[in-house]
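Chains A and B supply the protein sequences, listed in that same order.
Using the working numbering, you'd call the opening residue of the first sequence number 1 and step up by one each time.
Using the working numbering, you'd call the opening residue of the second sequence number 239 and step up by one each time.
Only one structure is covered here, and it is reproduced in the block below.
Protein chains: 2
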Amino acid sequence: MSNAQLAINNETGHAAGVNEWLGDGQSAQIKMGSSFTTTHERPLDMHEHLFMIGDKQTHLYQILEGVIGVYKMLPDGRRQIVTFYYPGDMIGGGDKSNWTQHAEALCNAKVRCIPVSTVDTLITTEPGFGQALMSMLATELEETRDQLLSLGRKSALEKVATFLLRISRRNKREGADESLLHLPMKRAEIADYLGLTIETVSRNITKLKTTGIIRLESKSEISVKDISLLEELADGGN
Amino acid sequence: MSNAQLAINNETGHAAGVNEWLGDGQSAQIKMGSSFTTTHERPLDMHEHLFMIGDKQTHLYQILEGVIGVYKMLPDGRRQIVTFYYPGDMIGGGDKSNWTQHAEALCNAKVRCIPVSTVDTLITTEPGFGQALMSMLATELEETRDQLLSLGRKSALEKVATFLLRISRRNKREGADESLLHLPMKRAEIADYLGLTIETVSRNITKLKTTGIIRLESKSEISVKDISLLEELADGGN
DNA sequence: TCTGTGTATTGATATGTATCAAATCGGACC
DNA sequence: GGTCCGATTTGATACATATCAATACACAGA
């Protein structure tokens, strides 16, 4: 789920995630040696953009609440959501001076804004920070490559199963219930993430429901009844 | 084209690419302060694997000659090529201890092998090396995201056009002829990269030929007759 | 030059997903 | 409770690409 940040802390088991320097989501300050540098928080309404393609990259963002969708567009309006960022994730971290895609809040959200200058300083002054950033990027690259496999080679049903499974695994990493999935995004956003249409996403969720693999508690709440079957479906194990 | 290395030197205009420390493809030694650390070169026959999924990541690799295809597979044999690496590119650079995909030479190739321990040392001793590595990863992530857009939202014709355009642009960056494209890989590999079948790739190359946009000098040699038309096709500009 | 073999192209048909259209759902507000 | 309105589901059909099959090409070896 492109959760580079969490991946550092929870998936790969690295002790030194970026959060060590950036705080835990409560503090509005960053540890820099013995001093602190202030950052600011920014609340976002649903559908509000955090940045647009071409905007100057002035800050990195740490998600505090909600989910941010990052996407690319074709001139005729076709959209590809490239990743969903969840609380704990960092957006940015490359060295590009301008954003190469759009970022939009999929629900009410809050982010901490860290000036790039602060990041540059941290890299030189805090040994390990650069490493953590690099690890974050590597994890994100890896997840994007998994998504390539989904988009290029999986059927619609397999894509949907893979998507649900990712949420389940994120829950597990977070210590939440791995079989109760909350979908903060609409069907349209799932479709633009999986390279499908709304209707196809809906039909395949229905199919999973009919098969008894999942149950729809509400439109945005799904409980997984058979995780191992979902896993088999997700990577085409027949 | 996932040419992270070249991107650093030629695309983003960064002065300090990883090559500054790794040499120019001739030298078999790495500058480390005033001393040198030896690396070794490894020739690869066509279809020989550089590494397999799960292998311990002992080295980073710098491509010296040929093209390496990196891919993921589904249990039933479906394959997704995730990137093609060209001379000058670096493979690796994350902090994962094991490879998460396969890497195979698509033609006879040669790589320089750099022990990860050397890389770790360089990061701490050579200011700027870590940054260059990070920049490389960021560029690779960006290119992978572009590929997501292709796989998720583009038609077969648009995918093929995009693919050819990438090669053309790489040529341009390298100072080569942007309208004479050499395809070192087979149709099957293009198909596995674009999420299509061999037949569909072939049909769409034929379509581009029939339209007069390209000319097939041989099966693996294509000359572009109208680059701006190819560009329009590539991103769905109608 | 002929033959064999892997690769690419072309053709006919099947199929999965998109598209177009309608019905249903579910929450906000009166 | 009733109405409205966007979101989702369901249905009928179209279409792009996959699949299956045959042919053409290119190059290596006899």
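By construction, the Cβ of each residue, glycine as well, lies at the ideal position given by its N, Cα and C atoms.
{"Query": "Neighbour-count burial assignment, A/Leu44, 16 or more Cβ in a 10 Å radius", "Result": "buried"}
{"Query": "Any non-hydrogen atom of the ligand COA closer than 7 Å to A/Glu143 Cβ", "Result": "The ligand content of the structure shown is nil, which means the ligand COA is not present either."}
{"Query": "Own chain partners of B/Tyr431 with C-beta closer than 6 Å, once the 5 adjacent residues on each side are dropped", "Result": "Ile319"}
{"Query": "Inter-residue Cα distance where the pair is B/Gly413 and B/Gln300", "Result": "20 Å"}
{"Query": "Members of the segment 133-153 of chain A near chain B, C-beta cut-off 7 Å", "Result": "Leu133, Met134, Ser135, Leu137, Ala138, Glu140, Leu141, Glu142, Thr144, Arg145, Gln147, Leu148, Leu149, Leu151, Gly152 and Arg153"}
{"Query": "Any chain B beta carbon closer than 8 Å to A/Thr100", "Result": "yes"}
{"Query": "Beta-carbon contacts of A/Gln57 that lie in its chain and below 7 Å, excluding the five residues immediately before and after", "Result": "Gly92, Lys96, Ser97, Asn98, Trp99 and Val116"}
{"Query": "Any chain A beta carbon closer than 8 Å to B/Gln318", "Result": "yes"}
{"Query": "Cβ contact (3+ pairs, closer than 8 Å) linking the segment 423-442 of chain B and the segment 151-165 of chain A", "Result": "yes"}
{"Query": "Closer than 8 Å to chain B by CB, A/Pro75", "Result": "yes"}
{"Query": "Where B/Thr277 sits in the DSSP three-state scheme", "Result": "coil"}
{"Query": "Collapsed DSSP secondary structure at B/Glu286 in the structure displayed", "Result": "coil"}
{"Query": "Cross-chain neighbours of A/Lys72 in chain B, by beta carbon under 8 Å", "Result": "Arg383, Asp384, Leu386 and Leu387"}
{"Query": "Cutoff 8 Å: A/Gly130 Cβ touching any chain B Cβ", "Result": "yes"}
{"Query": "Same chain only: Cβ atoms within 6 Å of B/Met290, ignoring 5 sequence neighbours per side", "Result": "His340"}
{"Query": "The segment 129-141 of chain A in contact with the segment 372-387 of chain B per 3-pair CB rule at 8 Å", "Result": "yes"}
{"Query": "Ranges of the alpha helix (DSSP H) found wholly within the segment 366-419 of chain B, counting only runs of at least 4", "Result": "367-391 and 394-412"}
{"Query": "Contact check, A/Leu216 vs A/Ala161, beta carbons under 8 Å", "Result": "no"}
{"Query": "Member of A/Gly236, A/Cys107, A/Met185 and A/Arg112 whose CA lies at the smallest distance from the CA of A/Leu157", "Result": "A/Gly236"}
{"Query": "Cβ neighbour criterion (16 or more within 10 Å) applied to A/Asp177", "Result": "exposed"}
{"Query": "Cβ shell of B/Tyr323 (< 6 Å), same chain only, five flanking positions each side left out", "Result": "Ile301, Ile306 and Ile329"}
{"Query": "Short Cβ contact (8 Å threshold) for A/Thr39 with A/Cys113", "Result": "yes"}
{"Query": "Per-residue DSSP class, three states only, for B/Glu455", "Result": "strand"}
{"Query": "Contact list for the segment 413-445 of chain B against chain A, Cβ threshold 9 Å", "Result": "Asp430, Tyr431, Leu432, Gly433 and Leu434"}
{"Query": "C-alpha distance - A/Asn204 paired with A/Lys159, whole-angstrom precision", "Result": "9 Å"}
{"Query": "A/Leu6 in three-state terms, based on DSSP", "Result": "Because A/Leu6 carries a pLDDT of 28, less than 50, the predicted location of this residue cannot be relied on, and the following value inherits that uncertainty. A/Leu6 falls in the helix class under three-state DSSP."}
{"Query": "Burial state of B/Gly326 (16 or more Cβ within 10 Å)", "Result": "buried"}
{"Query": "Integer Cβ distance of A/Val224 from A/Leu183, believed to fall under 8 Å", "Result": "About 12 Å; that fails the 8 Å criterion."}
{"Query": "Interface residues of chain A facing B/Gly332 [CB-CB closer than 9 Å]", "Result": "Met134, Ser135, Leu137, Ala138, Thr139, Leu141 and Glu142"}
{"Query": "For A/Thr83, three-class secondary structure by DSSP", "Result": "strand"}
{"Query": "Span of the beta strand (DSSP E), counted from its first residue to its last, around A/Glu104", "Result": "His102 to Ala105"}
{"Query": "DSSP three-state assignment for B/Glu437, whether helix, strand or coil", "Result": "helix"}
{"Query": "Within 8 Å, strictly: CB atoms of B/Lys310 and A/Arg169", "Result": "no"}
{"Query": "Rounded Cβ spacing between A/Leu164 and A/Ile222 (contact assumed at less than 8 Å)", "Result": "7 Å"}
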